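For the record, the sequence lines run as chains P and X. Adding 9 to a residue's 1-based position in the first sequence gives its number in my numbering. Adding 144 to a residue's 1-based position in the second sequence gives its number in my numbering. Using N, Cα and C, we set each Cβ at its ideal position, and we do this for glycine too. These numbers come from a predicted model, not from an experiment. Just below is one structure, and these are the notes that go with it.
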Amino acid sequence: MRIQVRRTGGFAGIERRAEVDTSGRADADEWHALAGRVMTAGRGAPPAGVPDGFSYRITVDGRSVYCADPRLTEEQRELIRRVLKEGA
Amino acid sequence: MTTNGGFEPVFCTIVPPHVLDRLAQAEDPVLHGPARRTLQRDAYERTQRRLTTVVGAPAVAALAEAEPGKPHRTVHDARHGTALPGTKVRGEGDAPGKDATVNRAYAGLGATFELFLKAYARDSIDGSGLPLDATVHYDRDYNNAFWNGEQMVFGDGDGEIFLDFTIPIDVIGHELAHGVTQYTANLTYFGQPGALNESMSDVFGALIKQYTLGQTAEEADWLIGAGLLAPRVTGKALRSMKEPGTAYDDDVLGKDPQPATMDDYVRTGRDNGGVHINSGIPNHAFYLAATTLGGHAWERAGQVWYDVLTGGELEQDAMFTDFATLTVKAARARFGEGEELQAVSKAWERVGVRTL
Numbered sequence: 010m011r012i013q014v015r016r017t018g019g020f021a022g023i024e025r026r027a028e029v030d031t032s033g034r035a036d037a038d039e040w041h042a043l044a045g046r047v048m049t050a051g052r053g054a055p056p057a058g059v060p061d062g063f064s065y066r067i068t069v070d071g072r073s074v075y076c077a078d079p080r081l082t083e084e085q086r087e088l089i090r091r092v093l094k095e096g097a
Numbered sequence: 145m146t147t148n149g150g151f152e153p154v155f156c157t158i159v160p161p162h163v164l165d166r167l168a169q170a171e172d173p174v175l176h177g178p179a180r181r182t183l184q185r186d187a188y189e190r191t192q193r194r195l196t197t198v199v200g201a202p203a204v205a206a207l208a209e210a211e212p213g214k215p216h217r218t219v220h221d222a223r224h225g226t227a228l229p230g231t232k233v234r235g236e237g238d239a240p241g242k243d244a245t246v247n248r249a250y251a252g253l254g255a256t257f258e259l260f261l262k263a264y265a266r267d268s269i270d271g272s273g274l275p276l277d278a279t280v281h282y283d284r285d286y287n288n289a290f291w292n293g294e295q296m297v298f299g300d301g302d303g304e305i306f307l308d309f310t311i312p313i314d315v316i317g318h319e320l321a322h323g324v325t326q327y328t329a330n331l332t333y334f335g336q337p338g339a340l341n342e343s344m345s346d347v348f349g350a351l352i353k354q355y356t357l358g359q360t361a362e363e364a365d366w367l368i369g370a371g372l373l374a375p376r377v378t379g380k381a382l383r384s385m386k387e388p389g390t391a392y393d394d395d396v397l398g399k400d401p402q403p404a405t406m407d408d409y410v411r412t413g414r415d416n417g418g419v420h421i422n423s424g425i426p427n428h429a430f431y432l433a434a435t436t437l438g439g440h441a442w443e444r445a446g447q448v449w450y451d452v453l454t455g456g457e458l459e460q461d462a463m464f465t466d467f468a469t470l471t472v473k474a475a476r477a478r479f480g481e482g483e484e485l486q487a488v489s490k491a492w493e494r495v496g497v498r499t500l
């Protein structure tokens with residue numbers, strides 16, 4: 010499973026991207042479960058957001074959902090945090 | 145006085161507002177004092193009326209003992225979670241505690257309140273003494289700050305790229321100014337109106353910093369977010385109103401993408417259509433007008449910008465040309481045919497924005 014996160018907006022307006030490939034990872038199942046919950050909760054188009062808030066696009070195996078500060082679910086926060094931290 | 149975003153609540157006074165306005169501008173405090181307090185009280189009553197009849201919300205109890213012309217600040221601590229507003233840690237009039245982040249947020253709220261009150265006779269961001277709320281320590285390693293429609297929210301930064309977002313006073317001012325824009329022109333946060341919205345926040349953020357430091361336009365650095373970048377980042381700030389595109393050039397962050405003129409306008413779908421990018425153009429226009437005029441930038445250039453933001457003619461979906469045209473009109477209305485009008489007109493010419 011390929012999980013990509015793209016973050017735009019924010020006070021600085023700087024884009025960040027990261028990607029994780031779960032194949033071969035010991036914790037792959039954990040990632041898959043988390044990604045599954047995120048895709049269910051995500052919106053098909055970028056939500057309105059708030060001034061200077063971050064806007065996120067989460068792509069799992071080619072399918073994308075969107076979310077924006079400050080209304081993220083706990084799963085979305087967790088997945089985004091992990092991908093931006095551990096991803097390339 | 146401020147616009148009400150299209151609402152015209154019914155609140156009729158015996159003394160018409162325009163008479164109070166004239167008195168409020170009198171030199172003599174014996175005349176202007178009571179008039180200003182009356183106007184502020186009237187505005188408060190209008191807001192209360194609007195809240196209870198139009199919006200249907202219960203009147204905000206906290207405002208009952210509110211004193212017009214003084215800030216009503218509350219700083220909360222999110223304790224690295226994301227629930228808002230979090231735990232109250234400092235209220236208006238409370239002594240500073242041990243948390244420097246809390247104290248900076250409190251001071252920044254106060255400085256913003258003071259600029260708007262002293263320079264523009266505006267009582268808080270809605271013009272009616274709206275309580276100023278901020279939450280600090282939002283989330284973990286959160287490299288951002290934002291305005292959520294009701295309050296400011298600050299992250300601590302991750303220490304690698306960004307430091308604590310309460311460090312630069314212009315960041316605090318920038319976020320609160322989003323509130324002022326929301327209550328006045330309410331510029332749509334996308335494309336050119338969004339870039340104007342962003343620019344308004346940078347302009348007033350810069351003015352709050354200059355006001356606090358007592359700087360003239362020549363003395364100011366015209367940087368946004370100076371002091372925010374972590375030591376390892378190659379850059380001096382997040383944005384430069386003086387030289388858009390030069391604030392940073394770093395292997396991780398990339399290069400400051402801001403244009404200074406319309407020739408380099410960026411067409412993109414990211415960042416809500418580049419609101420933090422193309423804001424460089426109106427930012428630069430403000431810098432040019434302010435430095436051409438010299439002196440304290442909030443007094444003339446800032447006054448013109450404020451007049452347009454609050455004057456009721458700036459549409460939510462205004463393009464750069466619409467805004468520029470209104471600034472020329474406002475400069476003429478406020479200051480006549482002299483150097484202010486020339487400075488504003490030339491500034492837009494130099495950045496390539498047409499005025500009609």
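Hey, does Ile23/P have any beta-carbon neighbour from chain X nearer than 8 Å?
yes
Less than 8 Å between the C-beta atoms of Ala350/X and Met385/X, yes or no?
The Cβ-Cβ distance between Ala350/X and Met385/X falls below 8 Å.
According to DSSP, is Phe257/X helix, strand or coil?
helix
Beta carbon of Gly232/X, beta carbon of Thr218/X: below 8 Å?
For clarity, residue 232/X is Lys in the given sequence; the question names Gly instead. Yes, the pair counts as a contact, with Cβ atoms nearer than the cut-off.
Rounding to the nearest angstrom, what Cα-Cα distance links Thr328/X and Asp283/X in this structure?
30 Å
Counted within 10 angstroms of its Cβ, other Cβ atoms place Val488/X as buried (16 or more) or exposed
buried
Classification of Ile89/P by the beta-carbon crowding that lies within 10 angstroms, buried from 16 upward
Buried: at least 16 other Cβ atoms inside 10 Å.
Could you give the DSSP three-state label for Glu28/P: helix, strand or coil?
In this structure, Glu28/P counts as strand in the three-state DSSP scheme.
Three-pair Cβ contact test at 8 Å for the region 473 to 481 of chain X versus the region 451 to 462 of chain X
yes
Under the three-state DSSP convention, the category Tyr409/X falls into:
coil
Euclidean distance between Cα positions of Gly230/X and Tyr264/X:
Rounded to the nearest whole angstrom, the CA to CA distance from Gly230/X to Tyr264/X is 32 Å.
Nearest to Asp103/X by CA position, among Val14/P, Gly18/P, Arg25/P, is which residue?
It is not possible to answer for residue 103/X, since the shown part of chain X is limited to 145 through 500.
Look up Met10/P in the DSSP assignment and say whether it is helix, strand or coil.
coil
Does any C-beta atom of chain X lie closer than 8 Å to the C-beta of Asp70/P?
no
Strictly below 7 Å CB to CB, what residues from chain X border Gly96/P?
Those do not exist, as Gly96/P stays about 14 Å from chain X at its closest Cβ, beyond 7 Å.
How would you call Gly33/P, buried or exposed, if buried means at least 16 neighbouring beta carbons within 10 angstroms?
exposed
Does the distance from the CB of Asn422/X to the CB of Gln326/X come in under 8 Å?
no
If contact means a Cβ-Cβ distance below 9 Å, which residues of the region 415 to 430 of chain X contact chain P?
Asp415, Asn416, Gly418, Val419, His420, Ile421, Ser423
Please tell me whether Asp38/P has its Cβ less than 8 Å away from any Cβ of chain X.
no
Bounding residues of the beta strand (DSSP E) (the contiguous stretch that carries Ala404/X):
Note, Ala404/X: premise wrong, no beta strand (DSSP E); not H, not E.
Presumed contact (8 Å Cβ cut-off) between Ile269/X and Val324/X, rounded CB distance:
5 Å
Beta carbon proximity, Thr17/P to chain X, threshold 8 Å
yes
Please name the residues in the region 42 to 63 of chain P whose beta-carbon is closer than 9 Å to at least one beta-carbon of chain X, in chain order.
Result list: Pro55, Ala57, Gly58, Val59, Pro60, Asp61, Gly62, Phe63.
Just to confirm, is the Cβ distance from Thr465/X to Val419/X under 8 Å?
no
If we cut at 8 Å on Cβ distances, does Arg26/P have a partner in chain X?
Interface annotation, Arg26/P: not in contact with chain X, CB-CB separation never under 8 Å.
Using 10 angstroms around the beta-carbon of Pro375/X, count the other beta-carbons present and answer buried if the total reaches 16, otherwise exposed.
exposed
Between the region 394 to 410 of chain X and the region 421 to 440 of chain X, can you find at least three pairs of beta-carbon atoms closer than 8 Å?
yes
At the level of alpha carbons, what is the spacing between Ala37/P and Gly18/P?
30 Å
Extent of the continuous alpha helix (DSSP H) to which Ala491/X belongs:
483 to 495
Helix, strand or coil: which one does DSSP assign to Tyr75/P?
strand
Using a Cβ distance threshold of 8 Å, determine whether the region 438 to 457 of chain X contacts the region 47 to 56 of chain P, with at least three qualifying pairs required.
no
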